[in-house]
Structure formats: C-alpha cells, structure tokens
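Just so you know, we're using numbering that gives the first Met the number 0 here: the sequence shown kicks off at 0 and counts up by one. Note that beta-carbon positions come from the ideal geometry of N, C-alpha and C, so glycine has one too.
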Amino acid sequence: MNIPLISLIVPCYNVENYLSHCIDSLLSQSYKNLEIILVDDGSPDRCGDICDEYASKDARIKVIHKSNGGLSDARNVAIDIASGEWITFVDSDDMVAPNYIERLVTIANDNGCKCSVVQPVSFIDGSMPAAKIVNPKVEVLNGMDAIAAMFYQTKLDTSAWNKLYHRSLFDSGIRYPKGYLFEDNPTTFRLLAECDKVAISNEQLYYYRVREGSIERQDFTPNKLDQGLEVIHMMETHPEITDKIKSALRCKKASLALHFIMKMPLDYEKRQELWKYVTENRWSVIWDGKARLKTRVGCLISYLGIRVMKRIFAITK
C-alpha cells in the first residue's frame, strides 16, 4: 500500500506563545509519514529556538532559518525544498485535529483529486476549539466550479491552509506573491485551476485561532490597503481562468473592496479606486442569486454613498 510522504509547511514569526501548541498537534497526527518544515522567518522572539528544540527530538522536522521576508516568502522557500508528494500549510498560531492529514489524504485518494479540502473552525484565544460532529460528506467539484464556489464564499475559502495540494500543482511555478498581505486570494484559485477535480469535506478539522496581534486583526494602514488593491489587480491578470467564471469574480472583487472600504479612513488617497470596484460590479452582484446575502446587501447600500454605507455598517456591526 502506498503511503505517500506529506510535506507540512509552517511559517513561524513572533508566535512563541502558540508555536508549541501548533507543533504538538502536528506530531500527534494519526498519519505518520510526514515531513514537517518549520520556517523561522527571522522571528524576533524564541520561535527559532523552539523550532530547533523540536527538530532535535523528531527526525521528521526540518527547520529553515531565514531573514524576515513575510508569510508568502516563508511558504515559497519551503515549497522549493519540500520532498513530499503532497503539500499542506498550517499557520503557526493554529492547530489541527489528530486526523487532519489522514482525512485529507483519504479524501484526495478516494476521489482521484489533486486537491482536498476540510473545513475550519474558529476559536477565541484562551479557549479550546469546538468542532461540530458531523457525518462526513464529501462533494467533488471540477476545478472551475471549485473556484466559483470559493469566489462566492461557499463550500471553501481562499486560505492556503485547510487544503492538501498535490506537489505537481506547484510545478508550473505558482507561488505566493512575496511581500503582500491577502496573498491567498491571487494564488489559491490558480492552484485549483490546475485540478480536474477538487474534493471538499464538511468535517471541521482545522482550528483557526482568533487573537489580538494577528495579521488579520491589525489596523488597516494605507500600505495594507494598497496591498489589498494590488491583490485585486492580481486576480484580474489570469483571464484564461477568470473569464470562465466572470460572475463569481465580480462578486469576489466587490466583496474584497467592500471589506477594505469598511476598514479604510475616509481620507485614504486611493479610496476612489476601491470604490470603483464596488460601483462597477454592484448591479451584477445584487442580481446574482449565488452571491452571499451580506455582499448583495453591501452593494445595495453602496448606492447611498461611502459615508452613509460606513455609518450603517458601523451601527449594525
């Protein structure tokens, strides 16, 4: 029986209080044929030492120490040296269920897919994950339908984690854009486009920690908003993929733009560029029955203008 090697990539930066919990959950996997690549991305705390301590105790762990280049760069460096037939990512402040890898591998193999997906469950820092117990159900979509579902924010999301990728998907040179936040958005859909089929399970096996100080919860500075805008631009540079799912892409662009607008100060100098993504796509999104209700409502309210829209969402938040 073939038991393929799985490369598990964990970028590490400034998470010394959480890193051990993450690594312990990986070492506790029921699936044992693992290569765990811990990337110390120039972390200013004890992350590098913690990585080395674990590597000295378990031969499956490899450690890369590098100067700080950001999340994308850390992932890319690890992808380039990964030995596994399959690759998956875990953020260093998160955890996974004991059967996380086993289920991802089983789902992919049983359905002849190059990508498999399980569901995340969020938990507040200081608490424990509480995944729902479900009867496992797996839905298999072709690559383009999986991308459309992702852009419509149903069945799966754009995150790099909670997915297992066959190594061959990266052979065409797909990598995460270095130096950018929201880096999953212009990358995951390109990986899915390389797949004939994608298997998606309803099992909640990835535990996403919600905490103060995480990248997701940091204030939206002009630089962060600039990167968000650039990420939307990147999603438009692959018409060979996105032209097949134009309605879903419109919805995703409008959703991202609305999210950034809610976070931006009113004096953000590129506000009109963001606003254009809403005004150009809102009519289509409002009448798109597949779009999320939240996005459709946001597009409808946008007709009242930025200031009124921000006030309404601030009140209803």
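| Item | Value |
| --- | --- |
| Assigned exposure category for SER27 - 16 Cβ within 10 Å defines buried | exposed |
| Identified DSSP bridge partners for ASN98 | Answer by DSSP bridge pairing: none, since ASN98 is not bridged. |
| N-terminal and C-terminal residue of the alpha helix (DSSP H) that GLN118 is part of | That residue, GLN118, is in no alpha helix (DSSP H); its beta strand (DSSP E) goes 114-123. |
| Per-residue DSSP class, three states only, for GLN271 | helix |
| For ALA198, the three-state DSSP class (helix, strand or coil) | strand |
| LEU228 (DSSP reduced to helix, strand or coil) | helix |
| Pairwise C-alpha distance: ILE60 and PRO97 | 17 Å |
| Where VAL104 falls: helix, strand or coil (DSSP) | helix |
| Whole-number beta carbon distance between LYS177 and ASP317, since they are thought to touch under 8 Å | The chain is shown from 0 up to 316; residue 317 falls before or after that span and cannot be answered. |
| Under 7 Å between C-beta atoms of ARG249 and ASN280 | yes |
| Per DSSP, the bridge partner or partners of PHE88 | ILE8 |
| Every unbroken alpha helix (DSSP H) inside the segment 264-312 [4 residues or more] | 270-285 and 292-300 |
| Pair within 7 Å by beta-carbon distance, ALA159 and ASP183 | yes |
| Same chain, Cβ closer than 6 Å to ASN161, five either side skipped, listed in chain order | VAL117, PRO119 and TYR205 |
| Spatial distance of PHE150 from ARG270 (CA atoms) | 23 Å |
| Secondary structure of GLU239, DSSP reduced to three states | helix |
| ASP144 (DSSP reduced to helix, strand or coil) | helix |
| Own chain partners of ILE35 with C-beta closer than 6 Å, once the 5 adjacent residues on each side are dropped | LEU7, LEU25, ARG59 and ILE60 |
| Start-end ranges of the alpha helix (DSSP H) lying completely within the segment 13-67, minimum 4 residues | 18-26 and 46-54 |
| Which of helix, strand or coil DSSP assigns to LEU204 | strand |
| Start-to-end residues for the beta strand (DSSP E) that takes in LYS162 | 162-165 |
| Sufficient close CB pairs (3 or more, under 8 Å) joining the segment 256-271 to the segment 236-247 | no |
| Beta-carbon contacts of GLU138 that lie in its chain and below 6 Å, excluding the five residues immediately before and after | ILE199 |
| Where VAL76 sits in the DSSP three-state scheme | helix |
| One or two residues paired with VAL209 in a DSSP bridge | ILE123 |
| 7 Å CB neighbourhood of PRO185 in its chain, flanking five on each side removed | PRO176, VAL230, MET233 and MET234 |
| Rounded straight-line distance, which links the Cα of ILE63 to that of ARG295 | 44 Å |
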